[in-house]
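K.L.:
Protein chains: 2
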Amino acid sequence: MDVQDSLELFQRYLQSQKQHITQTRLKIAEEVFKSQNHFDAQDLWRRLEGPRIAPATIYRTLDLLCRAGLVRRMELENRALYERVIGRPRHEHLVCVNCGVILEFEEPLIEDRLADVAERFQFRRISHQLVVSGLCPDCQQNP
Amino acid sequence: MDVQDSLELFQRYLQSQKQHITQTRLKIAEEVFKSQNHFDAQDLWRRLEGPRIAPATIYRTLDLLCRAGLVRRMELENRALYERVIGRPRHEHLVCVNCGVILEFEEPLIEDRLADVAERFQFRRISHQLVVSGLCPDCQQNP
DNA sequence: CTGTTTGCAAATGATTTGCATCCTA
DNA sequence: TAGGATGCAAATCATTTGCAAACAG
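Just so you know, the sequences run in chain order E and Y.
Per this note's numbering, the very first residue in the first sequence carries number 1; after that it's consecutive.
Per this note's numbering, the very first residue in the second sequence carries number 1001; after that it's consecutive.
(1) Report yes or no: is there a C-beta of chain E within less than 9 Å of the C-beta of Y/Ile1058?
(2) Can you tell me where the alpha helix (DSSP H) with Y/Ser1035 in it begins and where it stops?
(3) Taking the alpha carbon of E/Gly50 as the point to measure from, which residue in E/Arg60, E/Thr61, E/Glu31 and E/Gly134 has its own alpha carbon closest?
(4) Helix or strand or just coil, what does DSSP make of E/Glu30?
(5) Is there a Cβ from chain E that is less than 9 Å from the Cβ of Y/His1128?
(6) Between the C-alpha atoms of E/Lys18 and Y/Arg1090, what's the straight-line distance to the nearest angstrom?
(7) Give, in chain order, every unbroken run of the beta strand (DSSP E) that is at least 3 residues long and sits entirely within the stretch 50-83 of chain E.
(8) Looking only at its chain, what residues have a beta carbon closer than 8 Å to the beta carbon of E/Leu114, apart from the 5 residues adjacent to it on each side?
(9) Are the beta-carbon atoms of E/Val95 and E/Val117 separated by less than 9 Å?
(10) Taking 9 Å as the CB-CB limit, is Y/Pro1089 close to chain E?
(11) Which value, in whole angstroms, describes the spacing of the CA atoms of Y/Leu1076 and Y/Asn1098?
(12) Which residues in the same chain have their Cβ closer than 8 Å to the Cβ of E/Ile53, if we skip the five residues on either side of it in sequence?
(13) Tell me, which residues are paired with E/Cys96 by DSSP?
(14) Which residue wins for smallest C-alpha separation from Y/Asp1043, given the options Y/Ala1080, Y/His1020 and Y/Cys1139?
(15) Name, please, each residue of chain Y whose Cβ falls closer than 7 Å to the Cβ of E/Ala41.
(16) So that I know if they touch, is there some Cβ in chain Y lying closer than 9 Å to that of E/Glu77?
(17) So E/Phe121 is in the alpha helix (DSSP H); what residue range does that whole segment cover?
(18) Please compile the residues from chain Y whose C-beta is within a distance smaller than 8 Å of the C-beta of E/Arg67.
(19) Is DSSP giving E/Arg47 helix, strand or coil here?
(20) How should Y/Leu1062 be labelled, buried or exposed, when 16 other C-beta atoms within 10 angstroms of its C-beta is the threshold for buried?
(21) At a CB-CB cut-off below 9 Å, which residues of chain Y make contact with E/Arg113?
(22) Could you tell me the distance, in whole angstroms, from the CA atom of E/Ser133 to the CA atom of E/Met74?
(23) Along the beta strand (DSSP E) that carries E/Ile102, what are the first and last residues, could you check?
(24) Can you tell me the Cα-Cα spacing of Y/Glu1107 and Y/Arg1047, whole angstroms?
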């Protein structure tokens, strides 16, 4: 699943929603699909300096990418982070409250539990976010 | 665990931190401990109308209550909700993206998994938040 | 008394919105 | 060519901060 494949999925999503495939959207999506880490809307905007893209458009496009299921948004203290999701295993996050480092872990059993819970409540799941806050190994040493 | 007991714990916390026990802090804490539901800082401020309490003080006091472990803060889309934690079983949340209703569930197995993960990463947990977004039973009927 | 805490008002900062113009389809 | 998409700038809105006055210990 490389950048081109992801872009194609995005285009297919736009078509399915009868939305326009524009240069701006492709430019933003490409930068997102090239990302290796978590980033916020400002980061992305800075990385796209050069082409004159408005912050508003960044937000609008990130929203589209989330709806398309290609990007995940996670709410942290006072800011939202995004990450490419497509072509990556499902995972959750450990966030260090001291240095801010984000570690990822996979724990399929949790997903199973959530499926049970949803069924019990007759709740139709769309997404979830699990964030564990604490101290990473480094910050336990140097507090 | 009633309001008085909770207030006492708060006072004990303040003393342990060498912070003042003020009328304003007690007033806010009391209102928090009386709450039955999730609320945001604005809600709380509105409920305290009458005594002239500044929003800034609400935020500062909520922060203290969280540090004291008596209140939990949860990050939702574009806003933070708080809930009284003391004297209640640990639980996670289902949030309906349509009507906003918040359902709670207990799932101790998830906590166990997180303990394992933390050990594996040598990560010292402080707190976590798990929010499942989706459609509640009602909103599946009337979309 | 002396350092904290508070109210007030102003500052912040991320995100959203209104709108004229531009660009897909 | 028509209606959606974009850039721009202004508007929002929750939260934070600076500071003089009020208060707890």
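Even for Gly, the Cβ is constructed at its ideal location relative to N, Cα and C.
P.N.:
With the structure as the only source:
(1) So no, Y/Ile1058 is outside the interface.
(2) Counting along the chain, Y/Ser1035 sits inside no alpha helix (DSSP H), nor does DSSP assign it H or E at all.
(3) Measuring C-alpha to C-alpha distances from E/Gly50 to each of E/Arg60, E/Thr61, E/Glu31 and E/Gly134 identifies E/Glu31 as the nearest.
(4) The answer is helix: DSSP assigns E/Glu30 an H, G or I state.
(5) The Cβ of Y/His1128 sits closer than 9 Å to at least one Cβ of chain E.
(6) Rounded to the nearest angstrom, the two C-alpha atoms are 44 Å apart.
(7) The stretch 50-83 of chain E contains, as complete beta strand (DSSP E) runs of 3+ residues, the segments 71-76 (chain order).
(8) If we look at E/Leu114 and ignore the five residues flanking it on each side, its Cβ neighbours are Arg125 and His128.
(9) Against a cut-off of 9 Å, the Cβ pair of E/Val117 and E/Val95 comes out as no contact.
(10) It does not; no Cβ of chain E falls within 9 Å.
(11) Taking the straight line from one Cα to the other gives about 14 Å.
(12) If you ignore the 5 residues before and after E/Ile53, its C-beta comes within less than 8 Å of the C-beta of Thr24, Lys27, Ile28 and Trp45, all in its own chain and listed in chain order.
(13) Under DSSP, E/Cys96 shares a beta bridge with E/Gly134.
(14) Of the listed residues, the one whose Cα sits closest to Y/Asp1043 is Y/Ala1080.
(15) The CB of E/Ala41 never comes closer than 7 Å to any CB in chain Y; the least such distance is about 13 Å.
(16) Yes, because at least one Cβ of chain Y sits closer than 9 Å to the Cβ of E/Glu77.
(17) Looking at the DSSP string, the run of the alpha helix (DSSP H) that includes E/Phe121 is Pro108 to Phe121.
(18) Ordered by position in chain Y, no residue passes the 8 Å Cβ test against E/Arg67, which lies about 12 Å from the chain.
(19) E/Arg47 carries a helical assignment under DSSP once its states are collapsed to helix, strand and coil.
(20) Buried is the call here.
(21) What E/Arg113 touches in chain Y: Glu1107, Leu1109, Ile1110 and Arg1113.
(22) Taking the straight line joining both Cα atoms gives about 13 Å.
(23) E/Ile102 -> beta strand (DSSP E) spans Ile102 to Phe105.
(24) Take the alpha-carbon of Y/Glu1107 and the one of Y/Arg1047: they are about 32 Å apart.
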